[in-house]
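Let me begin by presenting the structure, written as structure tokens, before commenting on it.
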Amino acid sequence: MRISKLAAASLTAGFLALTAGSAGATAISASAATGEATVTVVHGIPNTPVDVYANGKKILSGFTFKTVAGPLQLPAGSYAIDVRKAGSAAASAPVLSATEQVTAGENATIVAGLTASGTPVLTAFANDTSAAGTSKGRLVVRHVAEAPAVDVYAGSSKVISGLASGQQQALDVPAGSVPAKVTLAGQTAAVLGPVNVPVTAGMGTVVYAIGSAAGHTLTAVTQQYPLGGAPSSAQAGSGGLGADPNTPVWPFVLIGGAGVALIATGAVGTARRRRA
Amino acid sequence: MTARRRRVRWPVAALIVGLALAGGSAVGYAVTRPPGHDYGAVPPPGIYQAGTGSQGVTVARPGASRRGGTAGRSAAAPDVTAVRVPVRLLIPAIGVSAPVLPTGVQAGGSLAIPPDPSDVGWWAGGGFPGEPTGAVVLVGHINSAVLGPGALLRLQDVRPGTVITVMASGQAYRYRVVALRAYAKAGLPVAAVFGQQVAPRLVVVSCGGPFDASTGHYLDNIVAYAVPSGTAP
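Next up, the structure:
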């Protein structure tokens, strides 16, 4: 309904990605196994506590700015999402409405945010769950604030350019702490940060730029979600002594070896003595 | 004469000491080494008779949802569940009280382990505590060459009946160990360990067995299977 074109595009992209994925290894996550989607909800509209309804049922109550709710498990299907001012009647006119289609195993985030010009809007993002490389995580930046296009820096290097409100961009980076800052596009002074964003191997970390630049409420919230479908191995315990920590083998080998050496020496000695 | 005497005695002494050392070390090894890692019975897949996926992992069968068919669902009010994210693992019997951090799967299919060996990872794409189906999968280090002993150093010492508690959303979810297995890494039964179409279970994965210096990894996974406390094994 009032979902932006971009949201629709991102959902479509998400479905395409899911469809492509299903040829390989999908439908293995818990949510897929139970026919559910995983949905996170982000509140990015300043000074507007709300209640969130799905198909007429209140699923979030007294939901406030800068809050990330979830992850929630939702049966796959189509949902009429209504956002009402907190405490208002279920039958009252919603502040925002949208229809969302979620599929089993999908991981999506719905953001109540602001357009560049400050209009409240619901935006749905499909969270890309494809695997990142070994020891890498995915850093996703989503601009859902009343603010012009921005650049994003990791340390001193610009990693995202000209990201406009309603848009997202992702990059896979080595796990660790990423010193990130957000500037208005083409400028160097930070409007957000610098802040250390933790990136975990096998996880997506989403940073949402929310609030209003004009209203001086610009801020960031983060969300993490798992990447990579079902595991086929676990590589715990990298490197080290004490394979079986309670029963190390080497002392026995050492002592036993010394014993065998002594036996051999003794036997040779005895034989020589007899010959002598 | 003295020299000759010494010659007579040292081979005998060497023989006796040698026999004692060799025999003693063999006995000591046999006594201290666990008789094997396998205990109990791995709980069978419970309520689902699922097909096999392309990776040998069970996949959803259409219409097998625990909430019944999906037809006509779109108009219904949703049954929304907030995920109970595990935050701490407690296994008092082996001295474990470890923070739990969400983790995911890397390219190539390996489940990432938190870098700090004192942390335990929770596969965030798997099950969560308190659900009527699915496996909560936790994974941890035995130790790290660089950072020392890991949280699951003594996982091989749990036995059927050992109580494991997972803290999530301010609640304690109690499980009881029903089986312990050691698997060669190459032979890890992926469906049993990571499969989600199972009656609720907790699967704790660590590493043990021989250490392969060439890969920097242990060759075995130690896996403890547990079921919610109070339910039948």
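Chains as they are written, first to last, in our numbering: chain S, 4 to 279; chain G, 40 to 272. Glycine included, every Cβ here is placed at the ideal spot set by N, Cα and C.
| Query | Result |
| --- | --- |
| Looking only at its chain, what residues have a beta carbon closer than 7 Å to the beta carbon of Leu187 (chain S), apart from the 5 residues adjacent to it on each side? | Pro151, Val153 and Val194 |
| Would you say Leu241 (chain G) faces chain S, with C-beta separation under 8 Å as the test? | no |
| Using a Cβ-Cβ distance under 8 Å, would Leu128 (chain G) count as near chain S? | no |
| What does the alpha-carbon distance come out to for the pair Gly62 (chain G) and Gly262 (chain S)? | 8 Å |
| Within 10 angstroms of its Cβ, does Asn199 (chain S) collect 16 or more other Cβ (buried), or is it exposed? | exposed |
| My guess is that Asp77 (chain G) and Leu219 (chain G) are in contact by the Cβ rule of under 8 Å, so how many angstroms apart are they, rounded? | 7 Å |
| Checking contacts by CB at 8 Å: is Gln210 (chain G) closer than that to chain S? | no |
| Suppose you measure from the CA of Gly57 (chain G) to the CA of Leu257 (chain S); what does that come to, to the nearest Å? | 12 Å |
| Cα separation between Ser133 (chain S) and Ala264 (chain S)? | 57 Å |
| By the 9 Å beta-carbon criterion, what residues does the stretch 46-61 of chain G contribute toward chain S? | Arg46, Val47, Trp49, Pro50, Val51, Ala52, Ala53, Leu54, Ile55, Val56, Gly57, Leu58, Ala59, Leu60 and Ala61 |
| Do the CB positions of Leu174 (chain S) and Leu221 (chain S) come within less than 8 Å of each other? | no |
| Could you pull out every residue in the same chain whose Cβ sits closer than 6 Å to the Cβ of Ala135 (chain S), ignoring the five residues on either side in sequence? | Arg141, Asp175 and Leu230 |
| So is Ser95 (chain S) in contact with chain G if we call contact Cβ pairs under 8 Å? | no |
| By alpha-carbon positions, which one of G:Ser64, G:Ala59, G:Pro83 and G:Val266 ends up nearest to Arg198 (chain G)? | G:Val266 |
| Note down, in chain order, all residues in the stretch 145-170 of chain G with a beta-carbon under 9 Å from any beta-carbon belonging to chain S. | Gln145, Ala146, Gly147, Gly148, Ser149, Leu150, Ala151, Ile152, Pro153, Pro154, Pro156, Gly160, Trp162, Ala163, Gly164, Gly165, Gly166, Phe167 and Glu170 |
| In angstroms, rounded to a whole number, what distance separates the CA positions of Ala111 (chain S) and Pro123 (chain S)? | 19 Å |
| Measuring only the C-alpha atoms, how far is Thr120 (chain G) from Ile181 (chain G)? | 34 Å |
| For Pro78 (chain S), which residues of its own chain have a beta-carbon under 7 Å away from its beta-carbon, when the five flanking residues on both sides are left out? | Gly38 and Glu39 |
| Looking only at its own chain, which residues have a Cβ that is under 6 Å from the Cβ of Gln226 (chain S), when we skip the five neighbours before and after it? | Thr43, Val71 and Val209 |
| Could you give the C-beta distance for Val98 (chain S) and Val53 (chain S), rounded to a whole number, given that I count them as a contact under 8 Å? | 7 Å |
| Rounded to whole angstroms, what is the Cα-Cα separation between Gly245 (chain S) and Val114 (chain S)? | Low per-residue confidence applies at Gly245 (chain S): pLDDT is 39, beneath 50, and the placement is therefore not dependable, though the value from the model is reported in the following sentence. Cα to Cα, Gly245 (chain S) sits roughly 49 Å from Val114 (chain S). |
| By Cβ distance, which residues of its chain are closer than 8 Å to Leu19 (chain S), with the 5 residues on each side in sequence left out? | Note that Leu19 (chain S) has pLDDT 35, beneath the 50 cutoff, so the model's placement of it is unreliable and the number below is only indicative. So no residue of the chain qualifies. |
| So Ser268 (chain G) contacts chain S; which residues on that side make the cut at Cβ distance below 9 Å? | Those do not exist, as Ser268 (chain G) stays about 21 Å from chain S at its closest Cβ, beyond 9 Å. |
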